[in-house]
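Residue numbers (my numbering): 299 to 389. The structure appears right after this line, and notes come after that.
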């Protein structure tokens, strides 16, 4: 199994998120969506200002406090890894 961490949104949104990260790669998907892989370089760049989701949650009034980030502070941390969403038949 391969897990890919990415941001999926419209191309214009991803170009703004990529900002000045030289190696950021935006990949077109079906329809009007594209994806931006969370490479180490891109992750390091956004870690300073927070992930796009954390930035949105901050704009909605969520405060990080002692949590890892705003995503965790909002109680969403348990959904951080998509492989944890799957339930195998033996569970």
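Note that the Cβ used here is the ideal one computed from N, Cα and C, for glycine as well. Since this is a predicted model, take the numbers as computed values, not measurements.
Which of helix, strand or coil DSSP assigns to residue i
i           : result
residue 304 : strand
residue 322 : coil
residue 349 : coil
residue 359 : coil
residue 354 : helix
residue 375 : helix
Start-to-end residues for the alpha helix (DSSP H) that takes in residue i
i           : result
residue 312 : 309-316
residue 332 : First-last for residue 332: 331-335, but that is the beta strand (DSSP E), not the alpha helix (DSSP H).
residue 366 : Taken as a continuous stretch (DSSP letters only), residue 366 belongs to no alpha helix (DSSP H), as it is neither H nor E.
Supposed contact pair residue j and residue i - C-beta distance, whole angstroms, cut 8 Å
i           : j           : result
residue 304 : residue 336 : 6 Å
residue 361 : residue 371 : 6 Å
Residue nearest to residue i in terms of C-alpha spacing, selected from the options
i           : options            : result
residue 331 : 317, 319, 312      : 312
residue 307 : 320, 338, 325, 373 : 325
residue 358 : 369, 339, 365      : 369
residue 327 : 309, 319, 367      : 309
residue 320 : 342, 348, 302, 364 : 342
residue 352 : 340, 339, 367      : 367
residue 318 : 365, 340, 383      : 340
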